[in-house]
Amino acid sequence: MQNLNLTDHKAANEEELARQKEFLEKAGMYVRELASELGRTPTFHVTNFGCQMNAKDAEKLAGILASAGFSEIEEESADFVIYNTCTVRDNADQHFYGRLGRASHFKKSNPRMKIAVCGCMMQEKTNVEKLKKSYPYVDLIFGTHNLFRFPEYLCRVYENAQKYPRSASARRIVDVWEKTDLIVEDLPAERKYAYKSGVNIMFGCDNFCTYCIVPYVRGRERSRSPREILREVTRLAQDGVVEVMLLGQNVNSYGKDLEEPLSFAELLESVCKVPGIERVRFMTPHPKDISEELIQVIKRNPKAARHIHFPLQSGSDRILKLMNRRYSRDEYMEKALHIREEIPDVAITTDIIAGFPTETPADVDDTIDVIRKVGFDNAYTFIYSVRTGTPAARMEQVPEEEAKKGFDRILAAVQETAKQQTLLLQGRTMCALIEEENAQLDGYVSGRLSNNTIVHVPGDASMIGKFYDVSLDDCRGFYYFGKALKERSGEVG
Ligand code: SAH
Ligand code: SF4
Ligand code: F3S
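For the sequence shown, this note's numbering gives the first residue as 3, with consecutive numbering after it.
Printed below as a string of structure tokens:
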């Protein structure tokens, strides 16, 4: 893709959308043919790995398949199966190959089955080569940058099946782009939840933390226009959505690349004003870019969730430098404690990596010190995983058992602060959005507070998607048991 100026950009996006809509209609024809061969409605299944951004992409894939006439099923043995992959850590890669291996058995019993693989792993040449060589039953491979071309690929998969009935390699479609300037709006999407939805605000990441593969597989930062974002949020609200999560790898650098720059804080405030939207979350901000403006916008907008996911990664200045995180432990702590002062009842959660190259037990001590001083409400802790091509892959690695020891100590410290923080709200009454029936406990439903903590209360499916005042009676570690006191009307906070 060549670089386009902004006016050309819009025209190119619209032209591409029109092309893909035509392909979607044509795909419908193939699906109807398939339905008459099968004597039933053809089915699809999307298997998703990875982060919220991938989950959002999975909804787009599902939306396209549903518009073409497939119906969604739970089983991975559907007529059209897609694996939307993640490559952030090696275990994500391994998990995918395990699942793909199983798919070959399904295809043996349903020869008309089609298998597609897309997502972040496909942006790495080695994975594409491996699939071509060792997984001949994969019909379609594409990457993160050209997902909007899926209607076209869908048609070509069925066209090729007719053209090349005997050659798997002639049939197979492989199209992976290194980058794109296009942001194609308005393709169909099938939402997983009726009452909440993710909304992409930007794509890609320019931070290049030395351990991370994301900038290589998701490309440079590109912001969606605020007009398009607000249009989508308004449509979602009209459709019954009450909570949105603004998504991007580095949301607080949103807007810098726009024709008329707009800060993330300004965008957040506008989203909070959309009628019908009662709660707004966002994921993920980078600590170096959290501005006072953003903190104040959250403070004065009760609809902005009392939850900031604020990835620390390490509490050692030496390691932070090697990671290219561009903040020091003191800067991080100062911001985190300032957030706690300014926004009452806010939860601060984080991501931490143990076993980064050259990490010593003293570095782990520094991390634990930050954990205790900030008092994280929750944390995702990961063992460092070497990602080929990233700068950290060439640094001196820590032996596995050392990394595991550090991981265990960090996890124990985080669990301790998480329990303390959860206990702080025991006995209070707060507002929860009821999300689902409790799978383990009959007669209970589960909801989330603005600070993202889960609360289980007696109730039934009629409460799902509604806000209730709940009493946080009994703190059980990281969640509560309580009672729904009354449904909220008006502003919920
Ligand atoms: N953009 C977000 C999230 C990126 S991926 C951010 O900057 O926070 C989610 C998390 O995975 C990261 O925060 C990091 O903790 C972890 N991660 C990324 N690369 C990793 C690697 N190579 N090994 C282990 N954990 C990693
Ligand atoms: Fe990866 Fe760092 Fe970008 Fe997050 S900010 S996606 S950790 S490079
Ligand atoms: Fe994984 Fe890609 Fe997200 S690597 S974490 S799915 S951006």
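Just so it is clear, CB atoms sit at the ideal spot from N, CA and C, and this is done for glycine as well.
Review point. From the DSSP output, which residues share a beta bridge with residue 312?
Key: Answer is none; residue 312 lacks a bridge partner.
Practice item. Measure the C-alpha to C-alpha separation of residue 82 and residue 32 and round it to an integer number of angstroms. Key: 12 Å
Practice item. List in chain order the residues whose CB is within less than 6 Å of at least one heavy atom of the ligand SF4. Key: 207, 209, 210, 211, 214, 216, 217, 251, 252, 288
Point to revise | Contained alpha helix (DSSP H) runs [length at least 4] in the stretch 115-187, N- to C-terminal order | key: 127-136, 152-165, 170-173
Review point. So which of 103, 162, 152 has the shortest CA-CA distance to residue 137?
Key: 103
Check your understanding: Sorry if obvious, but does the Cβ on residue 394 come closer than 8 Å to a heavy atom of the ligand F3S?
Key -> no
Review point. What do you reckon, are the CB atoms on residue 482 and residue 442 nearer than 9 Å?
Key: no
Check your understanding: Any idea what DSSP makes of residue 274, helix, strand or coil?
Key -> helix
Practice item. List the residues that DSSP assigns as beta-bridge partners of residue 488. Key: 471
Exercise for review: State the DSSP-derived secondary structure class of residue 87, mapped to helix, strand or coil.
Suggested key: strand
Point to revise | For residue 325, three-class secondary structure by DSSP | key: coil
Check your understanding: Is residue 246 helix, strand or coil by DSSP?
Key -> strand
Review point. Exposed or buried, what is residue 271 when buried is set at 16 or more other beta-carbons lying within 10 Å of its beta-carbon?
Key: buried
Review point. Does at least one heavy atom of the ligand F3S sit under 8 Å from the Cβ of residue 128?
Key: no
**Study point:** Contact test: residue 120 Cβ vs the ligand F3S heavy atom, cutoff 8 Å
**Key:** no
Exercise for review: Given a cut-off of 9 Å, decide if residue 90 and residue 117 are closer than it, judged by their beta-carbon atoms.
Suggested key: no
Review point. With a CB to CB cut of under 6 Å and the five nearest residues on each side skipped, what residues in its chain are close to residue 296?
Key: 267
Exercise for review: Determine which residues share a DSSP beta bridge with residue 435 and list them.
Suggested key: 450, 469
Check your understanding: By the 10 Å Cβ neighbour count, where 16 or more other Cβ atoms means buried, how is residue 557 classified, buried or exposed?
Key -> Because the chain here runs from 3 to 495, residue 557 falls outside it and cannot be looked at.
Point to revise | Beta-carbon gap between residue 356 and residue 386 smaller than 9 Å | key: yes
Exercise for review: From the DSSP output, read off the bridge partner residues of residue 477.
Suggested key: 482
Review point. Cα-Cα, which of 452, 319, 245, 403 is closest to residue 309?
Key: 452
**Study point:** Any non-hydrogen atom of the ligand SAH closer than 8 Å to residue 386 Cβ
**Key:** yes
Exercise for review: Can you give me the Cβ contacts of residue 416 inside the same chain, cut-off strictly under 7 Å, excluding the 5 residues immediately before and after it?
Suggested key: 373, 378, 381, 383
Review point. Taking the C-alpha atoms as reference points, what is the distance between residue 286 and residue 17?
Key: 31 Å
Check your understanding: Roughly how many angstroms separate the alpha carbons of residue 462 and residue 437, rounded to a whole number?
Key -> 11 Å
Check your understanding: Which stretch, first to last residue, makes up the alpha helix (DSSP H) that contains residue 414?
Key -> 402-426
Practice item. Ignore the nearest five residues each way along the sequence and tell me which others in residue 135's own chain have a CB closer than 7 Å to its CB. Key: none
**Study point:** Residues of its chain near residue 248, where Cβ-Cβ distance is below 6 Å and the 5 sequence neighbours each way are ignored
**Key:** 201, 203, 284
Exercise for review: For residue 61, I'd like the list of residues in its chain whose CB is within less than 7 Å of its CB, leaving aside the five on either flank, ordered along the chain.
Suggested key: 191, 192, 193, 194
Practice item. Just grab the DSSP bridge partners of residue 200 for me. Key: 247
Exercise for review: Taking the CB atoms as reference points, tell me whether residue 205 and residue 220 lie closer together than 9 Å.
Suggested key: yes
Exercise for review: Going by DSSP, name the residue or residues bridged to residue 384.
Suggested key: 355
Exercise for review: Reducing DSSP to helix, strand and coil, say where residue 69 ends up.
Suggested key: helix
Point to revise | Supposed close pair residue 398, residue 359 - CB separation, criterion 8 Å | key: 5 Å
**Study point:** Inter-residue Cα distance where the pair is residue 431 and residue 490
**Key:** 12 Å
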